[in-house]
Each structure stands twice: as structure tokens, then as C-alpha cells.
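To get the numbering used here, take the position in the sequence shown, counting from 1, and add 1495. The structure appears right after this line, and notes come after that.
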Amino acid sequence: MITTWRATAERALIVAGLFLSFFVLPHEIISDAMVRYLALAELVEWHKVSPMAYSFIGPLFSAPLYLAGKLAMTPDWWCARFNTTVLAAGLLVMWLMTRGRIDAGLRRKFFLVLLAASMFPNHLRGYFTEVFSSVMVAVGLWAVRLGRPGLGWSAVTLGVANMPATLLGLTLATIRHVWDTRRLRHLLVIALTVALWLLESWMRRGHPTWTGYQGNHGPRTVLPYSGLTGFSYPLFFGLLSVFLSFGKGLLFFAPGLSLMPREWMSDELNGVRRLWLWFLAGMILVYASWWAWFGGWFWGPRFFLFACFPASLAIAVRLHQVDRLPVSAVATTLGVLTLSAWVGLSGAGFDQSDLIHSCTTELEFLCWYVPEFSALWYPFVTNWRPGTSAFVMMGYCGGVYLWLAAPLMRALVTKVTPHLMRVVRDNASAGWRF
1496 MITTWRATAE RALIVAGLFL SFFVLPHEII SDAMVRYLAL AELVEWHKVS PMAYSFIGPL
1556 FSAPLYLAGK LAMTPDWWCA RFNTTVLAAG LLVMWLMTRG RIDAGLRRKF FLVLLAASMF
1616 PNHLRGYFTE VFSSVMVAVG LWAVRLGRPG LGWSAVTLGV ANMPATLLGL TLATIRHVWD
1676 TRRLRHLLVI ALTVALWLLE SWMRRGHPTW TGYQGNHGPR TVLPYSGLTG FSYPLFFGLL
1736 SVFLSFGKGL LFFAPGLSLM PREWMSDELN GVRRLWLWFL AGMILVYASW WAWFGGWFWG
1796 PRFFLFACFP ASLAIAVRLH QVDRLPVSAV ATTLGVLTLS AWVGLSGAGF DQSDLIHSCT
1856 TELEFLCWYV PEFSALWYPF VTNWRPGTSA FVMMGYCGGV YLWLAAPLMR ALVTKVTPHL
1916 MRVVRDNASA GWRF
């Protein structure tokens, strides 16, 4: 009876999270997302294909929403919610694929962590391209692992072609899958993805190797490697920044990556997470040396949204096996979940608050490296307050955190109390004097 009640409550929380993300979460189309939106509008309204530097694959999938804006609301209102639609569709496909394959309770916890305790609440606010690519690749690799290579590799190909810099990630994940299955035919997906990328460049820019990023660089600042083009940032410093910087580091924004849940995972889930981690490793190696590794003016590590999938799965596995965890693992999991929940809550509610007034173009690096200017910790410094809708989202994220953390807190008290009582009992008769 209790299990049924918990399952019903968790399903309701998942549905509520998607509903709030679509109708309540603040949405806007800004920066290079606006470039993508205008390119889509140009295609729909004037039948012209934009030569923009960014891939047109993701925006093309949002065309039905743009057309829906002709019937109700506006095209930009619908397109601003495209990423929420993509995540909802991805979760639905995952649920359908894994029915009878993994425990339903584990799946629900995984979805809840993604919706409320990851970087997704912030990324769903806009029309940027990372959500489409991350969801397509994550779902696709899971399908491949489940023995559905046609569906899986098709999704992965679209996701990677939409973010060509992830090609190394695809290569590493594919090689790992080939090693596991001893089937060389899976290597064909790399060639197909490269072909799709080159074909799009040829059709939109007139040449397969014209990416639109030639000569692209940032402003010159006091940082020694600023103002350079391409992959000019030293890899060593890039890796340190990607993992450890206070405003962009994966250690802070995807803390679930630090958990090692392998001993509590099935072979199937471990295989999926392994493919995800290989893909993420390839992404990190590429982006760490790019001059814009930080992702521009954006909350958190923009390019590494994909890290939420392996990180959230690791947290969900620990939550699902809480009764089997030793005290140290329970405490560690609670700490990681708490930080991850703050990532979701602050991203949904505060975004970058009023940091724009402090971190001008020449001082933007303060938001990458200095703790008090990090988007994650700045809410404790500023007096800026979010609007009502953002507060509602923060309430949802906080509620989900309490729901997920309650079993950990209960287990921690249950496991620690006997030890504390023993210490008190052993020392009570030790002859204490004033």
C-alpha cells in the first residue's frame, strides 16, 4: 500500500514538473538562440535558408511549434517552450523503452532528479540547442544499449550533427559499444554523422567545410589566452576550468558525477552510464581547448548539459538502494543530492539574477572563477529577488528535494543513532569531573 502511494505521488510530481516547466517557468529567446529562431522564421515566412554558423537541425524540429503559434499565442511563445517539449518527449521514450527492463521506482527517481535537481530547470528557460542534442544522444545511446540500434543511432546522429563539436564524444562512445558487442558495423554511424554535418554546411553555406566559425573569437582581457580564435586555450587549464571553476565547473553543477554507484547498478544500467560517460569525456576533451569553453554569457556550464544524465542516474541509483548503503555512502549521497537540488532550484529561480551589472564583457571571467560572482552562489550575495513564477518553480524543486532526501535522512538517523548511543553509554561511566 505504501509502495503504491509513493509511486502515485512520484508520478504526480513528474507530471507537475513538466506542467510547471511549460506553463510557469519563465521563458525567453535571447543571444544566439534568437539567431536560430530568426533563421526558422526566415524559412517559414520567406522560404529562405539562413547561412548562420549554428546547425539548423534543432530549430527545424521546432517548426511545428512555430506553426502552432499561427493558431494560438505567438510563434516565439511556442518556440521558447520547445526545449521543455523535447525533454518531455525524451522522458516518455525512455519510459516506454525501459518498461519491464528496469525498476519503475528507480526510473521515477531518475526523472525527478533530472526535472528538479539538475541543470535542466535552467536550460528549459530558453531556446538554446543543448537540450535537443543532449536528449537525443542520451535517449539514443540508451536505445542502442537496449538492442535498438536503428532507432538509437538515428537519434544520436541528429543530436551530434546539431552540435558537431560532440563528434569526438560520439567516436569514443561508439568505439566502446563496438568493444562491448564485437560488432564493427556500429562504426558506420560516425561516417553517417560526419556526412550529415558536411551536407548541411554545403547546402546552407555553399561549401562542406565552411562552419561559419572562421575567425570567431572573444574580447581581449587581462586573461593571457583571451582574444584568440579556435581551439587556442591550453587543454590543461581548460580541464581545470571545466571541472573546478566555481561558476562553470562540473564538480559543482553536476555533482552526481562524483558518485560511483556501479556496485548497486544492473549490468544494463551500468552499460548505459558507461556509454554516456565516454560521450561526455569526448565532449570535455574538445570543448576544454576551445576559446569559448565557458559557453558565453550563460548560467553554468552551457555545453555540458549532457552531464546531467549520468550524474542524475548515479544519484537515482543511490536513492533507490538507500537501505543497502553504508553510513558513509548515505551521508555522501545526501550531500550530493543537496548540492544538485540547489543547482536545479537556483537555476530555475535566479538564473544569472543581476550579474550583468557586475560582470561586464571585460570582467566576465569573474563569473567563471570567483565564488561570490558564480551564478550558483551569487544568490547568497545579491538582494535581487526573482518573480512569482520563478518562486513557484523554486518551491517545486525544493519540494522534490525534500521528497527524495527524506529516506536518506531517515536512514542516516537510523544508522548513526546506535553508534552515538554506544559512545554516550561508554563514556557516561568514565569518571567525568568538573
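Backbone N, C-alpha and C fix where the C-beta goes; we use that ideal spot for every residue, glycine too.
Start-to-end residues for the alpha helix (DSSP H) that takes in residue i
i	result
SER1696	1683-1700
HIS1672	1662-1676
VAL1608	1599-1611
SER1628	1625-1640
TYR1561	1558-1563
LEU1829	1822-1844
Check whether residue i and residue j have beta carbons under 7 Å apart
i	j	result
VAL1838	LEU1607	no
LEU1723	VAL1825	no
GLY1512	LEU1610	yes
SER1835	PRO1750	yes
TYR1532	ILE1524	yes
LEU1770	LEU1636	yes
LEU1915	VAL1817	no
GLY1600	HIS1815	yes
LEU1646	ALA1633	no
TYR1782	PHE1798	yes
MET1877	SER1848	What sits at residue 1877 in the sequence shown is Thr, not Met. For THR1877 and SER1848, yes; Cβs fall inside 7 Å.
PRO1881	GLY1844	yes
GLY1842	TRP1794	yes
TRP1759	VAL1812	yes
Residue nearest to residue i in terms of C-alpha spacing, selected from the options
i	options	result
ALA1885	GLU1505, VAL1519, LEU1508, GLY1512	VAL1519
LEU1780	SER1761, PRO1729, ASP1818, TYR1561	PRO1729
PRO1930	ALA1900, ARG1768, LEU1746	Because the chain here runs from 1496 to 1929, residue 1930 falls outside it and cannot be looked at.
ARG1940	ALA1612, GLY1766, SER1613	Since the first and last residues shown for the chain are 1496 and 1929, residue 1940 lies out of range.
GLY1553	LEU1586, MET1614, PHE1627, LEU1619	PHE1627
LEU1808	GLY1645, LEU1562, SER1613	SER1613
THR1661	ARG1920, ALA1776, GLY1890	ALA1776
ILE1855	LEU1641, THR1716, MET1547	Residue 1855 is actually Thr in this sequence, not Ile. Answer by Cα proximity: THR1716.
For residue j and residue i, the rounded distance between their alpha carbons
i	j	result
VAL1911	SER1823	10 Å
VAL1588	MET1631	10 Å
LEU1665	ALA1656	10 Å
GLY1564	GLY1744	37 Å
SER1753	TRP1773	15 Å
LEU1560	LEU1840	27 Å
ARG1602	ALA1575	27 Å
THR1706	THR1688	15 Å
MET1658	SER1696	13 Å
THR1833	ALA1900	8 Å
ARG1819	ARG1905	13 Å
ALA1558	ALA1650	18 Å
MET1889	PRO1521	12 Å
Helix, strand or coil at residue i according to DSSP, with G and I counted as helix
i	result
HIS1618	helix
HIS1712	strand
THR1724	strand
CYS1892	helix
ASP1921	helix
PRO1521	coil
TRP1759	helix
ALA1656	helix
LYS1988	Residue numbering for the chain in the displayed model covers 1496 to 1929; residue 1988 lies beyond these limits and cannot be assessed.
ARG1594	coil
GLY1645	helix
TRP1879	coil
ASP1849	coil
PHE1774	helix
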